[in-house]
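In my numbering, the protein residues as written are 1249 to 1576.
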Amino acid sequence: MSELERSCIVVGAGISGLLACRELKASGWRVTALEKKASVGGRMATRSVSGGNFDHGAQFFTVRGERFAALVEEWIQAGIAEEWSRGFAGPDGKFNPDGYPRYRGSEGMTSIPGYLARDLDVRTSVRVTEIDIREGFWEVRTETGTRFSGGALILTAPVPQSLALTGSGSFEMPANSRRQLEKISYDPCLALMARLDGPSNIPEPGGIQIKGEPLDWISDNFQKGISEAPGVTIHAGPRWSREHFEDDEDRITRSLLELADGWLGSPVIETSLTRWRYSWVAISHPQPCLQATTSPPLIFCGDAFGNAKIEGAALSGLAAADRLLEQA
Ligand SMILES: Cc1cc2nc3c(=O)[nH]c(=O)nc-3n(C[C@H](O)[C@H](O)[C@H](O)COP(=O)(O)OP(=O)(O)OC[C@H]3O[C@@H](n4cnc5c(N)ncnc54)[C@H](O)[C@@H]3O)c2cc1C
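What follows is the structure in structure tokens.
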């Protein structure tokens, strides 16, 4: 294979894209990840609000399989992940221990993608707007008109966003792959970060797992160990989020603070809202990735493929890289 053939462009620097990059790079491929946001991590997202540190996307992760367990062990050894708890309180505030470890990033979820990206060629604040095939290679164009070429292309964005890219140039997606990808769907999530003036009422270890409506989850980022200042993250349930997704920010903020009122415990100093249009996968694809074309290869991956959540996304990124390596 030529050097250009053993090169890959990865769109998206969430956990799936970063692990795909790392796996390919370890086998000698030239890999470039393009990420539209200013920082890496995607839905593993940590933000500072008024001096408080908040995880506003994924809150924790669990480990089921050996391949992911080996990665998590590496992260723990590197000091960028640690166990948070072995259960959370339910909506009644009573702790429900079940013995299974839940992990967090050491300084918030972005610790982990930040660590993975450190030796990779990741270009942030680069939004891909068009993909096409030119002379047998993938050509990716960004919103500023920059072009990147690669022998292979991996798309890791939530599938509706990746699919929109495939219709941007003269490339035609194979109808069968398109049909399978169009079945995938996600739930939205409205996530409110509220910086507090003092401690919250959330019991140890700092999470209320409701798994319902109108609220799904409330966490205390101070008790979690990622923030020196008190503050809570409030996630609305999928139905409430869908119904209120386009409401104005003040209205959503007021409603979520009212709904979480019993757990706040201290006055709210400042808030910030994230509208996750694609949060949890509602309908997934059964395989860990989907290869739409072989020459040149185009692979879709991310948490919508195989198992969901952070572990599923991680394994999907690795599966996409494995596919390319098998074909090389
Ligand atoms: C509110 C919320 C709570 C969650 N809670 C949990 C939890 O507690 N536990 C758990 O395991 N999972 C949780 N999840 C799910 C978990 O975060 C995801 O499954 C996982 O992070 C997905 O990783 P990914 O790499 O597949 O996608 P993403 O993290 O979405 O990465 C895709 C990347 O592609 C980028 N991108 C998109 N379009 C473009 C473009 N055109 N050009 C360049 N870049 C682009 C995006 O900016 C993003 O960085 C939660 C998610 C949300 C939103």
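Where a beta carbon is used, it is the ideal one built from N, C-alpha and C, also for glycine.
Keep in mind it's a predicted model, so treat the numbers as computed, not measured.
Residue i, enclosing alpha helix (DSSP H) - first and last residue
| i | result |
| --- | --- |
| Gly1565 | 1557 to 1575 |
| Thr1414 | 1407 to 1414 |
| Glu1383 | From DSSP, Glu1383 is part of no alpha helix (DSSP H); its letter is neither H nor E. |
Residue-chain proximity (residue i, chain D), Cβ-Cβ < 8 angstroms
| i | result |
| --- | --- |
| Leu1463 | Although the question refers to chain D, the structure presented lacks it and comprises just one protein chain. |
Segment limits, beta strand (DSSP E) that includes residue i
| i | result |
| --- | --- |
| Leu1368 | Unbroken run through Leu1368: none, as it is neither H nor E. |
| Trp1332 | 1329 to 1337 |
| His1483 | 1479 to 1484 |
| Thr1501 | First-last for Thr1501: 1497 to 1507, but that is the alpha helix (DSSP H), not the beta strand (DSSP E). |
| Ile1257 | 1255 to 1259 |
| Gly1265 | Segment 1263 to 1274 is the alpha helix (DSSP H) holding Gly1265; no beta strand (DSSP E) there. |
| Glu1518 | 1516 to 1531 |
| Ala1400 | 1400 to 1403 |
| Ser1433 | 1433 to 1444 |
| Ser1467 | 1463 to 1468 |
| Ala1281 | 1278 to 1282 |
| Ala1286 | Ala1286 -> no beta strand (DSSP E), and no H or E assigned at all. |
Among the options, nearest to residue i - alpha-carbon criterion
| i | options | result |
| --- | --- | --- |
| Ser1298 | Gln1539, Ser1448, Val1529, Ala1477 | Ala1477 |
| Arg1312 | Ile1456, Ile1558, Val1529 | Ile1558 |
| Glu1518 | Asp1498, Glu1271, Pro1339 | Asp1498 |
| Pro1453 | Pro1536, Leu1413, Asn1344, Met1249 | Asn1344 |
Residue i CB to nearest heavy atom of ligand 1 below 7 angstroms
| i | result |
| --- | --- |
| Lys1557 | yes |
| Val1376 | yes |
| Pro1406 | yes |
| Glu1283 | yes |
| Ser1354 | no |
| His1533 | no |
| Arg1291 | yes |
| Asp1468 | no |
| His1492 | no |
| Ile1456 | no |
| Trp1528 | yes |
Practice prompt. Within the region 1289 to 1353, note down every full beta strand (DSSP E) run reaching 3 residues or more, in order along the chain.
Written response: Whole beta strand (DSSP E) segments, 3+ residues: 1294 to 1297, 1300 to 1303, 1329 to 1337, 1343 to 1353.
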